[in-house]
Amino acid sequence: MSDAVTWVALLVACAVCFALKLAGHLVPEHWLAKPRVARTAALVTVALLSALVAVQAATTGRALVADARLPALAVAAVALALRAPFVVVVVLAAVTAAVLRAMGMP
Amino acid sequence: MSVATGLYGVSFGALSVAAGLSIPQTVALSLLMFSGGSQFAFVGVLGAGGAAGAAVATAGLLGVRNGLYGPQVAPLLRARGWRRPLAAQLTIDESTAVATAQRDPAVGWVGFWWTGVGVFVMWNLFTLAGALVGDALGDPRRYGLDAAAAAAFLALVWPRVTGPGSRVAQVVAAGAVLVALAVTPFVPAGIPVLLAAVVAIVAGFLVRPPAPTGHDGTDDARSDADLPDADHPDADLPDADRLDPEGSP
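What follows is the structure, encoded as structure tokens:
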């Protein structure tokens, strides 16, 4: 993707995100206060983030791939279960993958 | 909170550059989008080779949550004129959590602005620092930055699928993973993540809504916005259905 396309996508995405924030301040409260809306929005967040975990950890392009990212993700999960802070989780995953690759794992 | 935000910003900056964005693009995202989950998703989709439209749609869908915070904080802020777009831009997980945790609306007002401005400054400074570090590192795979991106999304979703009352969220998470992986060989990059969102929309309409308790689901954030959980943009404001005792049978 060219740099210009990336910039356009970036600015459009920023405008969309800002419009959503502003809409929350402008629309009447009862429109958004329906429990089903709030529940669905929360579940959409969970689904998108979960799918991103899967895509980032186990795919390359259109191929399903099992490489050093999977054990790194397992280490991250253990760190999260132990209530490690965000940056520790991320760094542990990076170090795990880097070490495994240095040892020859793809 | 500021230190946590800063470290989180370093992660974003480094991963954004690793995903192929330039330093100015990375900085612009933190200034203009200012919503951690949406930002990580945007660079994640582009980094995985996804189309621009898919990246915009994913970031936008993750930004819907901020729109739902508006009605919670707007009555506290009563912002008018130029202050209203400013308040909107600062309406994120942390500022909403702090503002709505206060009993006194005046304290909530101070909490919103202090938290919003504080997080904004830290987030942007450390995004730049992270982008410079990521740029200096070079090949992202060698340093495991691709694995770090997966771990970042896991950390973002973790508080939403653990703890009491999160069974529906867990089922949705598992369904989303299965759908995303199952369709990956057949559709362009970026689309699997969007298709996974369909799982959530279906679940949101099928699951029995909470019994009336005198308040709506979004109000739960008001009663349980604990500060240790408000560490970084987008990760931590408790979801309504995690906390609603009536929400998940």
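Those sequence lines, one after another, are chains L and G.
Here our numbering is used: the first residue of the first sequence is 2, the next is one more, and so on.
Here our numbering is used: the first residue of the second sequence is 22, the next is one more, and so on.
We treat Cβ as the ideally placed atom computed from N, Cα and C, and that holds for glycine.
None of the values given here were measured: they were computed from a predicted structure.
query: Same chain, Cβ closer than 6 Å to Ala35/G, five either side skipped, listed in chain order; result: Gly151, Val154, Gly155
query: Proximity winner among Val138/G, Trp103/G, Arg104/G, relative to Val119/G (alpha-carbon distances); result: Val138/G
query: Contact belief for Val66/G with Val214/G at Cβ below 8 Å, rounded distance in angstroms; result: 7 Å
query: Ser37/G burial status per 10 Å Cβ neighbour count (16 or more: buried); result: buried
query: Unbroken alpha helix (DSSP H) run spanning Gly139/G, endpoints; result: 126-158
query: Residue(s) in a DSSP beta bridge with Thr112/G; result: The partner list for Thr112/G (beta bridge, DSSP) is empty, contrary to what the question assumes.
query: Euclidean distance between Cα positions of Leu83/G and Met54/G; result: 11 Å
query: Own chain partners of Ala85/L with C-beta closer than 8 Å, once the 5 adjacent residues on each side are dropped; result: Leu93
query: Lys35/L vs Asn87/G beta-carbon contact at 8 Å; result: no
query: Closer than 7 Å at the beta carbon, the chain G residues around Leu81/L; result: Leu175, Ala176, Trp179
query: Buried/exposed call for Ala69/G, threshold 16 Cβ in 10 Å; result: buried
query: Chain-ordered chain G contacts of Gly105/L [CB-CB under 7 Å]; result: Those do not exist, as Gly105/L stays about 13 Å from chain G at its closest Cβ, beyond 7 Å.
query: Within chain L, the residues that Leu28/G reaches when beta carbons sit closer than 8 Å; result: Pro86, Phe87, Val88
query: Classification of Phe63/G by the beta-carbon crowding that lies within 10 angstroms, buried from 16 upward; result: buried
query: Alpha helix (DSSP H) segment containing Gly184/G, residue limits; result: Counting along the chain, Gly184/G falls outside any alpha helix (DSSP H), and DSSP gives it neither H nor E.
query: Residue interval of the alpha helix (DSSP H) (run including Ala73/L); result: 70-82
query: 6 Å CB neighbourhood of Thr6/G in its chain, flanking five on each side removed; result: Residue coverage of chain G in this structure runs from 22 to 270, which leaves residue 6/G outside it and unanswerable.
query: Proximity test, Cβ basis, 8 Å: Ala122/G and chain L; result: no
query: C-beta neighbour in chain G for Ala1/L, strict 8 Å; result: Residue coverage of chain L in this structure runs from 2 to 107, which leaves residue 1/L outside it and unanswerable.
query: Beta carbon proximity, Ala221/G to chain L, threshold 8 Å; result: yes
query: Alpha-carbon to alpha-carbon, Ala67/L and Leu158/G; result: 24 Å
query: Close beta carbons around Val204/G, own chain, < 6 Å, minus the five adjacent residues each side; result: Pro213, Leu216
query: Bridge partner(s) assigned by DSSP for Thr97/L; result: According to DSSP, which records beta bridges pairwise, Thr97/L is partnered with nothing at all.
query: 4-residue-minimum alpha helix (DSSP H) runs that sit fully inside the stretch 23-47 of chain L, ordered along the chain; result: 30-33
query: Gly62/L, buried or exposed, once every other Cβ within 10 Å from all chains shown has been counted against 16; result: exposed
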